[in-house]
Structures are given as structure tokens and as C-alpha cells.
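Visitor: So that we are looking at the same thing, I have put the structure below in C-alpha cells.
Number of protein chains: 2
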Amino acid sequence: MAEDQLSATFTALADPTRRAILVRLAQGEATVNELAEPFSISLQAISKHLKVLERAGLITRGRDAQWRPCRLETAPLDSASEWIERYREIRRDQFDRLDREIQRIREEHKEQDHERD
Amino acid sequence: MAEDQLSATFTALADPTRRAILVRLAQGEATVNELAEPFSISLQAISKHLKVLERAGLITRGRDAQWRPCRLETAPLDSASEWIERYREIRRDQFDRLDREIQRIREEHKEQDHERD
DNA sequence: AGGTTTATAAACCGAAGGGTTGTATAAAAG
DNA sequence: CTTTTATACAACCCTTCGGTTTATAAACCT
Numbered sequence: 001m002a003e004d005q006l007s008a009t010f011t012a013l014a015d016p017t018r019r020a021i022l023v024r025l026a027q028g029e030a031t032v033n034e035l036a037e038p039f040s041i042s043l044q045a046i047s048k049h050l051k052v053l054e055r056a057g058l059i060t061r062g063r064d065a066q067w068r069p070c071r072l073e074t075a076p077l078d079s080a081s082e083w084i085e086r087y088r089e090i091r092r093d094q095f096d097r098l099d100r101e102i103q104r105i106r107e108e109h110k111e112q113d114h115e116r117d
Numbered sequence: 001m002a003e004d005q006l007s008a009t010f011t012a013l014a015d016p017t018r019r020a021i022l023v024r025l026a027q028g029e030a031t032v033n034e035l036a037e038p039f040s041i042s043l044q045a046i047s048k049h050l051k052v053l054e055r056a057g058l059i060t061r062g063r064d065a066q067w068r069p070c071r072l073e074t075a076p077l078d079s080a081s082e083w084i085e086r087y088r089e090i091r092r093d094q095f096d097r098l099d100r101e102i103q104r105i106r107e108e109h110k111e112q113d114h115e116r117d
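See below:
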């Protein structure tokens with residue numbers, strides 16, 4: 001799984017625990033223990049989640065004595081957002097085209113009505 | 001996995017095959033066979049992918065004789081995009097705050113320089 | 001030096017993911 | 001009414017995932 005950047009990012013975002021960690025990190029740096037505190041799962045499980053986030057490039061980790069402060073990185077979020085927006089737009093364009101088509105057909109009907117008059 | 005809507009959406013987006021299917025569907029409706037055509041995997045595997053996409057609400061399926069045309073639905077993409085944008089913004093705000101802080105400190109230094117003059 | 005705190009690594013487990021093949025079903029076509 | 005076409009379902013295989021427990025490393029505190 002997740003060879004490519006985009007897959008790794010979406011995979012990382014697919015887990016509620018990992019999303020919650022990112023939400024917390026949006027407020028600023030935090031250590032592993034701080035990040036683990038709100039959850040009822042083991043520290044090791046959190047450590048694994050952090051590794052997934054790190055592999056996806058969504059966080060980077062510093063070193064401060066025995067602490068490993070985690071920092072949120074937004075670059076992968078940018079790519080992910082871009083991908084989604086692209087296909088949302090395509091659909092919007094389609095609807096626009098459809099609207100124009102409907103408009104065109106309406107105009108035709110109007111003309112026919114006029115002819116009938 | 002993927003009890004909640006957001007997790008289901010990101011899980012669906014995490015697979016390259018499924019993303020490719022969505023890209024194709026952004027151009028318009030397609031049948032299962034049409035969607036499967038570009039891939040070297042079995043039709044059944046595609047069928048499974050479609051079920052994942054359907055469960056996430058990313059596609060809906062109609063019925064036209066023995067065909068099941070798939071249509072892209074953008075609502076979950078909207079939610080996903082919203083989620084990402086929220087945390088991108090928070091980070092941007094943080095940087096803005098940081099910029100203001102740096103600016104403030106610079107001003108202080110200027111004042112000190114003036115005092116020294 | 002010895003013990004505590006912070007974090008990772010390794011081995012394991014059950015569940016889910018992505019794939020296969022084989023079989024069913026439903027509608028169209030002959 | 002049999003056959004083809006389009007799709008779904010079920011069983012199975014192997015890998016990955018999310019979690020656990022146990023053990024280890026590294027830096028701090030006396």
C-alpha cells in the first residue's frame with residue numbers, strides 16, 4: 001500500500017486517531033506523551049500512528065533531550081487538497097456545461113413556440 | 001474501520017486504483033466494464049473497489065438494463081476538502097501570529113536602537 | 001552508579017484490505 | 001429457451017493494520 005505520496009497522505013488521514021493527532025498538532029508542537037494523553041490506547045500504539053504520519057510527511061520530529069517533539073507539516077495536505085479540488089471543479093464544470101445545454105434547449109423550445117405562434 | 005464518514009472517504013481516496021476510477025468518473029458516467037478496462041486486475045476486484053467508493057458515498061449507481069452506470073458524487077469530497085482546509089488555515093494563522101511576533105520584536109529592537117542613539 | 005522518564009523496537013494477534021477463482025443472477029439477444 | 005453479456009456474491013489467500021505486551025535505548029535526576 002501507499003507507495004505514492006498521495007496514497008500515503010490519504011491513508012494517514014483515514015484514521016480518526018491520526019486525524020485527532022493532527023488537530024492537536026495544529027495548535028503547536030507536542031511530545032509523544034502529550035499527544036497520547038487524550039487517548040485510551042497504549043503509548044506504543046500512538047508511536048506507530050506517528051510513524052505513519054511521519055512516513056506520509058505530515059509531521060516531522062525534532063529532538064529535545066529524551067523528548068521527540070512533533071510538528072505538523074502542511075505540504076502533503078496541500079497536495080491532497082489540490083487533488084480533491086481538481087475533481088470537484090471538473091464536476092462543477094460539467095454542471096455548468098449541463099446548465100448551458102439546458103439553456104440552449106430552452107431557447108430552442110422558445111423558438112419553436114414562436115414558430116408555432 | 002471507517003465507521004465515520006470522513007474515515008470512509010479518506011480510506012476510499014487512499015487507493016490509486018480507486019482514485020483513477022474517480023478521475024474517470026469526473027468525465028461522466030461509466031459502466032463497470034468501462035471502468036475496469038484500463039486496469040489489469042479482474043472485474044471482481046473493480047467491483048469491490050466500487051463498493052468501497054459507494055459505501056463512502058463517492059459514487060452512486062443507477063440501473064440501465066444489465067448495466068450499472070456509476071456516477072461521481074462530490075458531497076464527501078466537499079467534507080474531506082473542508083477538513084483539510086481547516087487545518088491548513090490554522091497553520092497559516094499560526095505563521096501569521098509568528099510574523100506579527102517577529103515584527104513586534106523588530107519594533108522593540110528599533111526602539112532600543114533609538115534609545116541607544 | 002542506579003533508578004526514573006520518554007520513547008522506540010520486536011513479536012504476536014485478530015480483523016480488514018486487495019487480490020484471485022469459481023459460481024450465481026438478471027436482462028438481452030439469438 | 002438457450003446463450004451471451006454485465007455484474008454481484010462467496011470462499012479463499014496473503015499482506016497490512018491497529019492494537020497488545022515485553023524488552024531495549026537514551027537521557028535525565030539524584
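Chains A and B, in that order, are what the protein sequence lines are.
With the UniProt record's numbering as the guide, the letters of the first sequence map in order to residues 1 to 117.
With the UniProt record's numbering as the guide, the letters of the second sequence map in order to residues 1 to 117.
All C-beta atoms in this analysis are idealised placements derived from N, C-alpha and C, irrespective of residue type, glycine included.
None of these values were measured; they are calculated from a predicted model.
Please report whether the beta-carbon of residue 10 of chain B lies at a distance below 8 Å from any beta-carbon of chain A.
Guide: Closer than 8 Å to some Cβ of chain A, the Cβ of residue 10 of chain B qualifies, so yes.
Visitor: Taking only runs of the beta strand (DSSP E) that begin and end inside the segment 14-79 of chain B, which ones reach a length of at least 3 residues, in chain order?
Guide: Taking only runs of at least 3 residues, the beta strand (DSSP E) segments lying wholly in the segment 14-79 of chain B are 59-61, 70-72.
Visitor: Using the beta-carbon count (16 or more within 10 Å), is residue 43 of chain B buried or exposed?
Guide: Looking at its Cβ environment, which holds fewer than 16 other Cβ atoms inside 10 Å, residue 43 of chain B is exposed.
Visitor: For the structure I just gave you, are there three or more beta carbon pairs, one from the segment 17-36 of chain B and one from the segment 49-67 of chain B, closer than 8 Å?
Guide: In short, these stretches touch, since the Cβ pair count reaches three.
Visitor: Can you pull the chain B neighbours of residue 90 of chain A, defined as C-beta to C-beta under 7 Å?
Guide: Near residue 90 of chain A (Cβ distances below 7 Å), the residues of chain B are 26.
Visitor: Which class does residue 85 of chain B belong to by DSSP, given the choice of helix, strand or coil?
Guide: The answer is helix: DSSP assigns residue 85 of chain B an H, G or I state.
Visitor: Could you list the residues in the segment 63-74 of chain A with a C-beta less than 7 Å from some C-beta on chain B, going in chain order?
Guide: Correct list: 72, 74.
Visitor: Going by alpha carbons, who is nearest to residue 25 of chain B out of B:65, B:94, B:54?
Guide: Closest option to residue 25 of chain B, Cα to Cα, is B:54.
Visitor: In angstroms with no decimal places, state the Cα-to-Cα distance between residue 126 of chain A and residue 7 of chain A.
Guide: This structure gives no information on residue 126 of chain A, because the portion of chain A shown stretches from 1 to 117.
Visitor: Roughly how many angstroms separate the alpha carbons of residue 65 of chain A and residue 68 of chain B, rounded to a whole number?
Guide: Each residue's Cα considered, the two are about 59 Å apart.
Visitor: Please identify, using Cβ separations under 7 Å, the residues of the segment 34-49 of chain B that lie next to chain A, in order along the chain.
Guide: Hits within the stretch: zero.
Visitor: So that I know if they touch, is there some Cβ in chain A lying closer than 8 Å to that of residue 85 of chain B?
Guide: At least one chain A Cβ lies under 8 Å of residue 85 of chain B.
Visitor: Here's a check: name, in chain order, each residue in its chain whose Cβ is nearer than 7 Å to the Cβ of residue 12 of chain B, leaving out the five neighbours to either side.
Guide: Excluding positions up to five away in sequence, the list reads 18, 52, 53, 56, 58.
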